[in-house]
Amino acid sequence: MTKRLYYQDSYCREFDASVVRSVEGSAGTTGLILDCTSFYPTSGGQPHDLGTLGGAVVLDVTEHDGEVVHWVARAPAAQAVHGQIDWQRRFDYMQQHTGQHILSQAFLELLNARTVSFHLGQEACTIDLDRVILDPAALERVEDRANQIIFEDRAVTARIVDPEDVPTLGLRKAPTVSSNIRIIEVEGFDRSPCGGTHCARSGEVGTIALRKVERRGEETRVEFVCGWRALHDHRWKTSTINELGLGFSVKDREVGAAVQRLITDATENRRDLQQLRSEMLPAEAQRLLASARPWREMRVVVQSFAEREVQELRRLATLLTSASGVIALLGTNGQQGRLVFVRSRDVAADMAALLSKTCQSLGGKGGGQSDQAQGGGFPGERVAEALELAYRTLTEQ
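Per our numbering, the sequence shown starts with residue 1, numbered consecutively.
Below is the structure:
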């Protein structure tokens, strides 16, 4: 069994160890098992450490049958190795993990909301609560309480307890193991079983900032950041707010209202534009019919548009094919190409088959009925090419 140095000292950045054995991994990697390690393996919601072993870069750290496996691309030649932890990454996760303990207890203390799961991500962390809590004032109280515990700089300690002592400890959650139960305690505030790495004092967490809250069924997911992440998050948001304030010529606290006015104006303008377009569609249909391509005794309208909504294309196609002997092959070239094929009632061509064949040739898909069909799923810049392909396929039958 590998001796885990991080259990005794989360601040251990360097250590010396011996390679007990190695295993072959995928893609030419080698897994090293050491007699002791300060590298934390991915487990319990916390990602693994990074760093070096004997000069070899550690790519991943996993746990298997009680052993910690260090995955490297090039195994060191010597059995004795010097390990060095990526301290910036380690301390970042210490801040996030300790902050999670504090935040989870704050939710339980103030709102009787229990944490059912958590995730420590590379950019942000989340906890899932067993209740729906979306009230901004309640969330602010929890955030304030968590930061109060941080600012009081309380001691954070780790210890191993006997199973029979567990019922007397007042743990926030039950342990998932029956032996070597490790308890993390934030002095006078929270006790919970955990095998991760944590700060020695709550003050080192720096601060906790709630970033986003969303309902997930009967649960609530809370996204948060701690410490350096909270500072970096504050920095880019402040810079963005200041830039928007300059652009709108308003104070920073007025940016939200200015953006909302812009959204309202844009919505109204879009609605007015759609109304004008709708009123102009009959005239547009007549212009397109006048320039339609003759085929046999029919007229074929082949036209692509820039970022036009499919619903509007369908209305235009319906107007075009209200006349007899018309086939409308229309497309819009937004981020993804979209096609609308419609024919008049007196035309025998199969629009669904034509559209399906056209889309498939460009890596897209679509379907419909013999008189009308739509599809897409290919790059928008290929819409004109798709329409010409459809026209050739139609007229070469």
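Backbone N, C-alpha and C fix where the C-beta goes; we use that ideal spot for every residue, glycine too.
Under DSSP, residue 165 shares a beta bridge with no residue. By the beta-carbon neighbour count (other beta carbons within 10 angstroms, threshold 16), residue 236 is exposed. With 16 or more neighbouring CB atoms inside 10 Å of its own CB, residue 196 falls in the buried class.
For residue 90 and residue 46, the gap between their C-alpha atoms comes out near 10 Å. When only Cα atoms are considered, residue 390 and residue 330 end up about 10 Å apart. Three or more beta-carbon pairs separated by less than 8 Å link the stretch 95-108 to the stretch 185-199, which places the two stretches in contact.
Annotation: the continuous alpha helix (DSSP H) that includes residue 266 extends over 255-290. The beta carbon of residue 259 lies closer than 6 Å to none in the same chain, with the five residues before and after it left out. Using a C-beta cut-off of 8 Å, the stretch 243-253 makes no contact with the stretch 158-167, since fewer than three inter-stretch Cβ pairs fall below that distance. For residue 251, the three-state secondary structure derived from DSSP is coil.
When secondary structure is reduced to three states using DSSP, residue 127 falls in the strand class. For residue 298, DSSP records a beta bridge to 295.
For a cut-off of 8 Å, the C-beta gap from residue 343 to residue 321 is around 6 Å, short enough to register as a contact. A residue is called buried once 16 or more other Cβ atoms fall within 10 Å of its Cβ, and residue 70 is buried on that count. Taken through DSSP and simplified to helix, strand or coil, residue 133 comes out as coil.
Note: residue 150 is not bridge-paired with any residue in the DSSP secondary-structure output. For residue 50 against residue 92, the beta-carbon gap comes to about 11 Å, at or over 8 Å, which does not count as contact.
Distance from the Cα of residue 287 is smallest, within the candidate group 18, 317, 374 and 270, for 317. The beta carbon of residue 173 sits closer than 6 Å to those of 192, all from its chain and outside the five residues before and after it, given in chain order.
Contiguous beta strand (DSSP E) elements confined to the stretch 10-94 occur at 14-24, 30-34, 51-53, 56-64, 67-72 and 80-85, taking only those with 3 or more residues.
In the structure shown, residue 157 adopts extended strand secondary structure according to DSSP, grouped into three states.
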